[in-house]
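Visitor:
Written as structure tokens, this is what we have:
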């Protein structure tokens, strides 16, 4: 384990077993994690991306002591998540997305008061601390309303408030902006950045690529229970073939044309995708030397040709990696 | 803020406060805490009023016990089931406070609420029929009454552990409810039940405690026939047994659910 690691995971595997059938005699084994290795530094925002069912929530729950791995070792803040869970729990916070996880019939303030007490916030500071976190998530005005009257966004803010209430050193956020309107999502991202400024390490899982790109210093992509890539956003772009993406669209291309595009300087890969009656070729390009004119020159027999260029997005990187793993 | 450490007292008070707030906010508790004791009390009185005052008391004690069951035992286990339902079991289990203190806080609240349930039976009968229910040893009876609730709470803690263990605990509890009403002697004297069922009755702490309570309240009461103090020995012994089971089971239950990963299922 490196000195800097807030999270250190090696060969983490998790198998879920369930039984079905009238006599529960059929055992079903699902391998959710298949040997995950990961290090997260202190004070960084680390993003974990992956499709539904990739194992993101399973891994987050293991890191936050809610689930025991089938095998492998996991240390958070230098403490083993299984053997030293009791020492670790006061130092971590967990925010799971969604509408559940709160007592709906009582007020937001009473929810926080309860969780503050069982999370060990000293009673003398408790009410002041609750007010601080309510202010921070912008829920002060609604603090004394029942949670059942809250919108989804307000509940999500309350989840966040609960997660940071006891001043954790590391915060696990499982899809914290899912279902939020753009304004609330932006406020949540602002809050996450402010927590990092306070020295909190953030481990974030999300489906929103722009969110990961905007917030995370480093990102790992989890697919089918395995980490398929981990790097900075720039590093991941390089990994999938370059910063530039050129897209060309026409009513079909022959193999010779595609091969010619593949041989152009700086082109690392060409992928094709049907788009209604048209075919789209997406080229990842490593250098600035290749011009759009050079691309058009290879495809002179397509009067309806459309060529455009954009920066390779994290979404491109993500889809490339996940599709590569699936194939 | 640095790493937080929990305080047992603060945690217990927090759980008590939460229990009171959720109780007050949820009208469904009117049934076991207010309506059921009134109905149980009135029906028992009407059924046995011709059998003499002491037999009426015998029946009313059973009715009180049934009311307290609803609140004390059912409430303690049910609250953990609610945690599963609301998704609050996960953030509660990741808290530094061990979950057993959360359950303990709920049991204390439900014990108090159960006490009210039992008292309501007495008050309703006294008001409706215009005279208080005679008691042979009122002070000892009151102390014993509290102890009866403790025995119920001991069973409640075990049920709470079952609710953490599996979302299907409610099924077992609902089936067990009828066994409890009959097996503990709430409705009929245990000696009237078939002999094979007696061991089941005797492993339930409230069976012993209720019998002891009747010894105190009813002059000449025979019950199991071995007297008040043997009933007390049985009640204390079985209560300690249940608390012991709960203490040892809780840690294993927590380990089990963290292995199974079904804390959020309901």
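Residue numbers (my numbering), protein chains in the order written: chain P, 1 to 327; chain L, 1 to 266.
Glycine is no exception: its CB is placed at the ideal position from the N, C-alpha and C atoms.
Remember, predicted model here, so these are calculated numbers, not experimental data.
What are the residues that DSSP puts in a beta bridge with residue 7 (chain P)?
Guide: Taking the first chain and counting its residues from 1, one reaches residue 7 (chain P) at position 7. Partner(s): P:40, P:76.
Visitor: Please decide whether residue 1 (chain P) counts as near chain L, where near means a Cβ-Cβ distance under 9 Å.
Guide: The count along the first chain starts at 1 and reaches residue 1 (chain P) at position 1. Caution is warranted here: a pLDDT of 49 is assigned to residue 1 (chain P), below 50, making its placement in the model unreliable, and the coordinate value is therefore given only provisionally. With 9 Å as the cut-off, residue 1 (chain P) does not count as an interface residue toward chain L.
Visitor: Kindly indicate which residue of L:178, L:180, L:179, L:159 has the alpha-carbon position closest to the one of residue 170 (chain L).
Guide: As a working mapping, residue 170 (chain L) is identified with position 170 in the second chain. Residue L:159 is the option with its Cα nearest to residue 170 (chain L).
Visitor: Can we say the region 216-231 of chain L touches the region 243-254 of chain L, given the rule of at least three CB pairs closer than 8 Å?
Guide: They do not touch, by the three-pair rule.
Visitor: Since residue 200 (chain P) contacts residue 169 (chain P) with CB under 8 Å, what's their CB separation in whole angstroms?
Guide: Translated into the one-based positions of the first chain, residue 200 (chain P) becomes position 200. Translated into the one-based positions of the first chain, residue 169 (chain P) becomes position 169. With 8 Å as the limit, residue 200 (chain P) and residue 169 (chain P) qualify as a contact, their Cβ atoms being about 7 Å apart.
Visitor: Taking residue 93 (chain P) as part of the beta strand (DSSP E), name the residues at either end of that continuous run.
Guide: Working through the first chain from its first residue, we reach residue 93 (chain P) at position 93. 92-96 is the extent of the beta strand (DSSP E) around residue 93 (chain P).
Visitor: What number of angstroms, rounded off, separates the C-alpha of residue 255 (chain L) from the C-alpha of residue 78 (chain P)?
Guide: Locating residue 255 (chain L) in the second chain gives position 255, where the first residue counts as 1. Locating residue 78 (chain P) in the first chain gives position 78, where the first residue counts as 1. Taking the straight line joining both Cα atoms gives about 21 Å.
Visitor: Leaving out five residues before and five after residue 143 (chain P) in sequence, what residues of the same chain have Cβ atoms less than 6 Å from its Cβ?
Guide: Along the first chain, read from residue 1 onward, the residue named residue 143 (chain P) stands at position 143. Closer than 6 Å at Cβ, skipping near neighbours: 108, 109, 134.
Visitor: What residues in its chain sit with their C-beta under 7 Å from that of residue 246 (chain L), if we drop five residues either side in the sequence?
Guide: Taking the first residue of the second chain as position 1, residue 246 (chain L) is located at position 246. Contacts found: 157, 158, 161.
Visitor: Within the 9 Å Cβ cut-off, does residue 194 (chain P) reach chain L?
Guide: Position 194 of the first chain holds residue 194 (chain P). No, residue 194 (chain P) lies away from the interface with chain L (no Cβ there is under 9 Å from its Cβ).
Visitor: Consult DSSP for residue 313 (chain P) and reduce its assignment to one of helix, strand or coil.
Guide: Mapped onto the first chain, residue 313 (chain P) falls at position 313. DSSP places residue 313 (chain P) in coil when its eight states are reduced to three.
Visitor: Looking at residue 19 (chain L) and residue 105 (chain L), is the spacing between their C-beta atoms short of 9 Å?
Guide: Looking up residue 105 (chain L) in the second chain gives position 105. Looking up residue 19 (chain L) in the second chain gives position 19. Closer than 9 Å, so yes.
Visitor: Using a Cβ cut-off of 9 Å (strictly closer), state whether residue 90 (chain P) contacts chain L.
Guide: Here residue 90 (chain P) refers to the residue found at position 90 of the first chain. Yes, residue 90 (chain P) counts as interfacial toward chain L.
Visitor: Which same chain residues, not among the five before or five after residue 35 (chain L), have their C-beta less than 6 Å away from its C-beta?
Guide: Indexing the second chain from 1 puts residue 35 (chain L) at position 35. Nothing meets the Cβ criterion.
Visitor: Give me the residue from P:105, P:97, P:86, P:92 with the minimum Cα distance to residue 98 (chain L).
Guide: What you label residue 98 (chain L) is simply residue 98 of the second chain in a count that begins at 1. It is P:86 whose Cα lies nearest to the Cα of residue 98 (chain L).
Visitor: What does residue 14 (chain L) touch in chain P if you count any residue whose Cβ is under 9 Å from its own?
Guide: Taking the second chain and counting its residues from 1, the one referred to as residue 14 (chain L) is at position 14. Those are 113, 114, 115, 116, 117, 118, listed as they occur along chain P.
Visitor: With distances taken Cα to Cα, identify the nearest neighbour of residue 89 (chain P) among P:164, P:36, P:256.
Guide: Counted from its first residue, the first chain places residue 89 (chain P) at position 89. Among P:164, P:36, P:256, the Cα nearest to that of residue 89 (chain P) belongs to P:164.
Visitor: Are residue 178 (chain P) and residue 207 (chain P) touching if we call contact CB-CB under 9 Å?
Guide: Start at 1 with the first residue of the first chain, and residue 178 (chain P) comes out as number 178. Start at 1 with the first residue of the first chain, and residue 207 (chain P) comes out as number 207. Yes; because the gap between Cβ atoms is below 9 Å, this pair is in contact.
Visitor: Decide if residue 291 (chain P) is buried, meaning its Cβ has at least 16 other Cβ atoms within 10 Å, or exposed.
Guide: Taking the first chain and counting its residues from 1, the one referred to as residue 291 (chain P) is at position 291. That one is exposed.
Visitor: Please check if any C-beta of chain L sits within less than 9 Å of the C-beta of residue 106 (chain P).
Guide: Counted from its first residue, the first chain places residue 106 (chain P) at position 106. By this cut-off, residue 106 (chain P) is an interface position.
Visitor: Would you list, in chain order, the members of the region 94-118 of chain L that have their beta-carbon closer than 9 Å to a beta-carbon of chain P?
Guide: If the cut-off is 9 Å between Cβ atoms, the region 94-118 of chain L has 94, 95, 96, 97, 98, 101, 102 near chain P.
Visitor: Report back the beta-carbon spacing between residue 68 (chain P) and residue 259 (chain L) to the nearest angstrom; my notes put them in contact at under 8 Å.
Guide: In the first chain, the residue the question calls residue 68 (chain P) occupies position 68. In the second chain, the residue the question calls residue 259 (chain L) occupies position 259. Right, their Cβ atoms sit about 5 Å apart.
Visitor: If you compare alpha carbons, which of L:164, L:168, L:203 is closest to residue 179 (chain L)?
Guide: Reading the second chain from its first residue, position 179 is the one you call residue 179 (chain L). Nearest of L:164, L:168, L:203 to residue 179 (chain L), Cα basis: L:203.
Visitor: Our contact map puts residue 80 (chain L) next to residue 164 (chain L) with C-beta atoms below 8 Å; I'd like the distance itself, whole angstroms only.
Guide: Here the question's residue 80 (chain L) lines up with position 80 in the second chain. Here the question's residue 164 (chain L) lines up with position 164 in the second chain. Between residue 164 (chain L) and residue 80 (chain L) the Cβ distance is about 6 Å, and since that is below 8 Å, they are a contact.
Visitor: Which residue wins for smallest C-alpha separation from residue 239 (chain P), given the options P:18, P:316, P:25?
Guide: If you number the first chain from 1, residue 239 (chain P) lands on position 239. For residue 239 (chain P), the nearest C-alpha among the options comes from P:316.
Visitor: With the cut-off set at 9 Å, would you say residue 63 (chain L) and residue 40 (chain L) are in Cβ contact?
Guide: Here residue 63 (chain L) corresponds to residue number 63 of the second chain, with the count starting at 1. Here residue 40 (chain L) corresponds to residue number 40 of the second chain, with the count starting at 1. Yes. Within cutoff.
Visitor: At 4 residues or longer, and completely inside the region 106-130 of chain L: list those alpha helix (DSSP H) runs for me, N to C.
Guide: Listed in chain order, nothing qualifies, since the region 106-130 of chain L has no complete alpha helix (DSSP H) run of 4 or more residues.
Visitor: Identify, in the order they occur along the chain, each residue of the same chain with its Cβ nearer than 7 Å to the Cβ of residue 236 (chain L), setting aside the five sequence neighbours on each side.
Guide: The residue labelled residue 236 (chain L) in the question sits at position 236 within the second chain. Closer than 7 Å at the Cβ level, and outside the excluded window around residue 236 (chain L), lies no residue.
Visitor: Buried or exposed: which applies to residue 174 (chain P), given that a residue is buried once 16 or more other Cβ atoms fall within 10 Å of its Cβ?
Guide: Along the first chain, read from residue 1 onward, the residue named residue 174 (chain P) stands at position 174. The residue is buried, with at least 16 neighbouring Cβ atoms inside 10 Å.
Visitor: Would DSSP call residue 174 (chain P) helix, strand or coil?
Guide: In the first chain, the residue the question calls residue 174 (chain P) occupies position 174. Strand at residue 174 (chain P).
Visitor: Kindly indicate the opening and closing residues of the alpha helix (DSSP H) around residue 229 (chain P).
Guide: As a first step, residue 229 (chain P) must be located in the first chain, where it is residue number 229. It is not in any alpha helix (DSSP H) - residue 229 (chain P) instead sits in the beta strand (DSSP E) that spans 226-231.
Visitor: Kindly list the residues whose CB is nearer than 7 Å to the CB of residue 1 (chain P), restricted to its own chain and excluding five residues on each side of it in sequence; keep chain order.
Guide: The residue labelled residue 1 (chain P) in the question sits at position 1 within the first chain. Residue confidence is low: residue 1 (chain P) scores 49 on pLDDT, short of 50, so the model does not pin down where it sits. Its coordinate-derived value is still stated next. Here the set comprises 8, 75.
Visitor: Per DSSP, which one or two residues make a beta bridge with residue 401 (chain P)?
Guide: With chain P running from 1 to 327 in the structure shown, residue 401 (chain P) is simply not present.
Visitor: Just the Cα atoms here: how many angstroms apart are residue 107 (chain L) and residue 146 (chain P)?
Guide: As a first step, residue 107 (chain L) must be located in the second chain, where it is residue number 107. As a first step, residue 146 (chain P) must be located in the first chain, where it is residue number 146. Using only the alpha carbons, I get a separation of about 25 Å.
Visitor: In terms of residue numbering, what span does the beta strand (DSSP E) encompassing residue 249 (chain P) cover?
Guide: Locating residue 249 (chain P) in the first chain gives position 249, counting from the first residue. Run containing residue 249 (chain P): 244-250, per the beta strand (DSSP E) assignment.
Visitor: Could you tell me which of P:252, P:171, P:52 sits nearest to residue 273 (chain P), measuring between CA atoms?
Guide: Position 273 of the first chain, counted from the start, is the residue given in the question as residue 273 (chain P). Measuring from the Cα of residue 273 (chain P), the nearest candidate turns out to be P:252.
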